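Let me begin by presenting the structure, written as structure tokens, before commenting on it.
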Amino acid sequence: MADAAPPPEFVCPISGQLMGDPVIVPSGETFERGCVEACVALGFTPPALSPCMDLAASPPPTVIPNANLKKAISSYCDRAGLPRPLSVGPEEGKSIVRRLMGIHEPSRVARVNGERVEDPPLPPSPEFARMGLTQEEVVLVRLLDGEPSRQEGALEALKQTLRGGGENGQRRALCTPRLLDGLRRLMGSTHEGVKVSAAACVVNLSLEPANRVQLVRAELVPVLVKLVVSASPELRDHAAGAIHSLSIEEKNRIPIGVLGAVPPLLQLFASTVDGDRARRDAGMALYYLSLAEMNRSRLARAASAVPVLVDAAEEAALRRPALMVMANIAGCGEGREALIDGGAVAAVTGLMRRAAVAPGSTEEEYCLSALHGMSRSNVRFGGLARAAGTEEVLRRVAEGQGGGVRRDVAWRTLRAVSGNAAAAGQYGDDDSVSPWLDDDVSVMSEAMAMPQFPRRLVEPSHGAPARSNTTALDRLRRAPDG
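If you count the sequence shown from 1, position 237 lands on 711 in my numbering, and the numbers rise without skipping.
Take a look at the structure:
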């Protein structure tokens, strides 16, 4: 049903699109309100209007909302799995009417050997000025097309525009409330290709730091959260990438957590059917979210969190984000208890003992940070650490060459394992000899993670998906890891 042409009475004769705000003019005919108002403003009576009507006359004609038709259009869209049409705004209406007045777009539909062929949905930028259209207006007109194949084509063109749009300001210029509302609706489409392309556009928009707060305010996060656990691997990939990018902005972290992102991200991070790229995105999103204390508590209370993190730390491709999240949640009381109950002391110690994390590496720092966090004000830590052989790995680091935060965290944690007196006698009797340590070094600072970004916004992929929905995020994913 979604592929069939809509009933002609649902289509505005001026715009040629489903009506979002139909109104009745004095002749009894129904049009989109924004198109009628644009005709009045520009003094133009379209050929589609009855000859007895003159929209250029003064005073302007009175219009009556066609509430019954609007309700029928909404019901039709719901049954057909189509997004409900948006009302046409003043500028968009004027752009449509200008084309009817003779400022025509290049033909978008032609026939070659009897086959219908469409030109690319987005013309080059110089065309916009000549037609009197803004880039946003062109995109919106085409996204609101009732035919899913044309919607997907418009989204593909928009995605390509946004891929390189950071340098020329297009990502920022196209991040408008109307366009975001359209993308939000299209991500809820029943057509897989439309959803995938719309989600890819959101990912590309989120790469612009200035857009991230606006994207969250546009109510895109609830839709992305649903897509993280959708049936499509490609949708899960795009949704995780978008949430990862949005969570980098500090102002977004608590809202994203409140909107329920943590459980589906954990589910994706634990997935055995998704690729490393989507799972790393989920892990990095959890890391940034866990920088907010409220989200650390959410993770600590999630029954699956610690087992998921411990298992992920055993996988080389996921080890880093897993350890970063563990180091963060070890910074709160609930997190310490959850980690210790979940066997994290033995798991982290095992990684260091087996040299699964290289000595002197950043990952070793994350292990030390997690162990230090679990050692704080916890009477069970010492016994569990001694049983796991934690003292041996800490002593190796504490007695190693060099100084700095790694060595100081090791000896400070060693005191909780070995007993304060013995450890203090060997490594110092006062915390003041550790000027690098603050009160809670178990919480990973953004400074420790951000050198990995944007090069590791998402790390290298193991092959592109079958569809061609590669986003600009992939260029960061393919960058060499340092």
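Even for Gly, the Cβ is constructed at its ideal location relative to N, Cα and C.
Nothing here was measured: the structure is a model prediction, and the numbers come from that model.
Coarse secondary structure for residue i, derived from DSSP in three states
i	result
L733	coil
F484	helix
L931	For L931, the predicted structure reports a pLDDT of 31, less than 50, and the residue's modelled location is therefore unreliable. A value from the coordinates is still provided. In the structure shown, L931 sits in coil (DSSP, three-state: anything other than H, G, I, E or B).
N587	Bear in mind that the predicted position of N587 carries a pLDDT of just 35, short of 50, making it unreliable; the figure below should be weighed with that in mind. Reduced to three states, the DSSP call for N587 is coil.
L679	helix
F518	coil
T864	helix
Q926	Reliability of the predicted coordinates at Q926 is poor, the pLDDT of 40 falling under 50, and the value obtained from them is presented with this limitation in mind. Residue state, collapsed to three classes: helix.
T504	strand
I498	strand
L523	coil
I728	helix
For residue j and residue i, the rounded distance between their alpha carbons
i	j	result
R727	A791	24 Å
S561	S489	11 Å
G817	W885	22 Å
E865	L845	11 Å
Y762	H718	8 Å
D528	S501	10 Å
E610	G667	22 Å
P597	R659	Residue placement at P597 is poorly supported in this model, since its pLDDT is 41, which falls under 50; the coordinates still yield a value, given next. In a straight line, the C-alpha of P597 is about 24 Å away from that of R659.
K544	E630	29 Å
R753	E789	11 Å
A861	R850	18 Å
P521	P487	9 Å
L516	K700	44 Å
G620	R880	59 Å
Residue j beta carbon less than 7 Å from that of residue i
i	j	result
A801	S764	no
A744	H712	no
V571	F518	yes
L720	S663	no
A796	A786	yes
G856	V891	yes
L617	A628	yes
C690	P729	Note on residue identity: the sequence assigns Val, not Cys, to residue 690. Taking 7 Å as the Cβ cut-off, V690 and P729 qualify as a contacting pair.
A756	A714	yes
P559	L492	yes
L740	S706	no
A716	L654	no
P539	V510	no
V883	R827	no
C649	N678	no
Buried or exposed (CB count within 10 angstroms, at least 16 for buried), residue i
i	result
P738	buried
N542	exposed
G834	exposed
S958	Residue 958 is absent from the model: the chain starts at 475 and stops at 956.
P683	exposed
P480	buried
E724	exposed
S549	exposed
S623	exposed
G899	Since pLDDT at G899 reaches only 42, below the 50 mark, its modelled position is unreliable, and the value read off the structure follows with that caveat. With fewer than 16 Cβ atoms within 10 Å of its Cβ, G899 is classed as exposed.
V702	buried
G643	exposed
Rounded Cβ spacing between residue i and residue j (contact assumed at less than 8 Å)
i	j	result
P534	V514	5 Å
V780	L813	6 Å
L858	A872	No, L858 and A872 are not in contact; Cβ-Cβ is about 19 Å, not under 8 Å.
C806	R772	Wrong, their Cβ atoms sit about 11 Å apart, outside the cutoff.
Residue i at chain C interface by Cβ criterion, 7 Å
i	result
L492	The structure shown contains no chain C; it holds only a single protein chain.
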